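Remarks on the structure that follows.
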Amino acid sequence: MARKKIIAGNWKMNMTPSQAVELVNTLKPLVANDDVDVVFCVPAIDIVPVVEAAKGSNIQVGAENMYFEEKGAYTGEISAPMLVDAGVKYVILGHSERRDYFKEDDALLNKKVKKAFEAGLTPILCCGETLEQREMGIAVDFIRTQIKSDLVGVSADQVKTMVIAYEPIWAIGTGKTATTEQAEEICKAVRDCIAEVYDQATADAVRVQYGGSVNAGNAAELFAQPDIDGGLVGGASLKPDFGDIVNYKK
Ligand code: PEP
């Protein structure tokens, strides 16, 4: 069965609540396309107003992070049940900015992935290599280790429903996109890794996105690759261009 493309915006630390509502209202008609899943991953403080503003549209709302504990003395954190109650469907986990600036490691991410599933959220699990790792020829090995570690104890049925985003760190926010061949090569390697750890049916079902300077000009070619099931989009998700990315076929 063909996998439905999923195109998710990662707003990062941008948009105040009022700006967020304005952006949703601007983008709503531009991203109206039921052929793909459209997700806006927004800062925690924007979740409630964005869920409200997106009502009646095809936009699904995601979070950019969460903590693995249910509740309690974890000042500043947000739990999976809080996200679910607010109307969130997806959660980005392991974005390279969180791995790098906030020192999130695979052991922590494994707990977060399991908690997200337990709560009924769909994780968008990010993986990706640095430029140095690519130049050393260890990109695939590194990504395979990330995926295997982050998915310890996660079942095949769960993996079938999740999203894995391949995001080469050197292409994020730099304007440098991986070539279509580079992006396809690693997205295929991600799928092969899932087939190896689980089985072919799981690998055929899991959706693998490419992320890293996706824009209206390169989306169509990237998303036409057999193992690329859409994109995780940073900068361009804050602009009307996001509508062109969602409608990459037109
Ligand atoms: C991202 O933040 O996940 C990302 C891919 O950013 P950009 O599209 O700006 O490179």
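Taken in order, the sequence shown gives residues 3 to 252; the numbers are from this note's numbering.
Every residue, glycine too, gets a C-beta built ideally from N, C-alpha and C.
Computed from a predicted model, the values in this text were never measured in an experiment.
Between the CA atoms of residue j and residue i - distance to the nearest angstrom
i: Thr-204; j: Ser-157; result: 10 Å
i: Ala-109; j: Val-41; result: 26 Å
i: Leu-234; j: Ile-126; result: 9 Å
i: Leu-29; j: Tyr-103; result: 30 Å
i: Glu-134; j: Ile-9; result: 28 Å
i: Gln-202; j: Ile-196; result: 8 Å
i: Pro-45; j: Val-90; result: 12 Å
i: Thr-132; j: Ala-180; result: 12 Å
i: Asp-246; j: Leu-32; result: 8 Å
i: Val-199; j: Val-210; result: 16 Å
i: Ala-221; j: Tyr-250; result: 6 Å
i: Ala-4; j: Ile-230; result: 12 Å
i: Ile-145; j: Asp-152; result: 10 Å
i: Leu-224; j: Tyr-212; result: 8 Å
i: Gly-96; j: Glu-106; result: 7 Å
i: Pro-170; j: Glu-186; result: 12 Å
i: Glu-72; j: Glu-79; result: 10 Å
i: Ser-239; j: Asp-39; result: 14 Å
Residue i Cβ short of 8 Å to the ligand PEP heavy atom set
i: Gly-236; result: yes
i: Asn-67; result: no
i: Gly-64; result: no
i: Gly-214; result: yes
i: Ala-173; result: yes
i: Lys-241; result: no
i: Asn-27; result: no
i: Asn-12; result: yes
i: Ala-167; result: yes
i: Glu-99; result: yes
i: Cys-128; result: yes
Cβ-heavy atom distance, residue i to the ligand NAD, below 8 Å
i: Asn-249; result: The model on display carries the ligand PEP but not the ligand NAD.
Residues near residue i by beta carbon distance below 7 Å, same chain, minus five either side
i: Pro-51; result: Pro-19, Ala-22 and Val-23
i: Ile-47; result: Pro-19
Sequence-distant residues of its chain with Cβ nearer than 8 Å to residue i (five each side left out)
i: Ala-34; result: Ser-59 and Asn-60
Own chain residues within Cβ distance below 6 Å of residue i, not counting five before or after
i: Ile-188; result: Tyr-168
Member of the options whose CA lies at the smallest distance from the CA of residue i
i: Gly-155; options: Asn-112, Pro-170 and Gly-245; result: Asn-112
i: Ala-191; options: Met-164, Asp-159, Val-216 and Lys-150; result: Lys-150
i: Cys-129; options: Leu-123, Asp-206 and Arg-100; result: Arg-100
i: Asn-12; options: Gln-184, Leu-153 and Tyr-92; result: Tyr-92
i: Gly-214; options: Ile-47, Asp-36 and Thr-182; result: Thr-182
i: Thr-124; options: Gly-74, Thr-147 and Cys-43; result: Cys-43
Practice item. Would you be able to state if there are at least three C-beta pairs under 8 Å between the region 165-175 and the region 109-123? Key: no
Practice item. Decide yes or no for the touch test of the region 131-149 against the region 64-71: beta carbon pairs closer than 8 Å, at least 3 of them. Key: no
Check your understanding: How about the region 79-87 and the region 54-61: do they share at least three Cβ pairs that are nearer than 8 Å?
Key -> no
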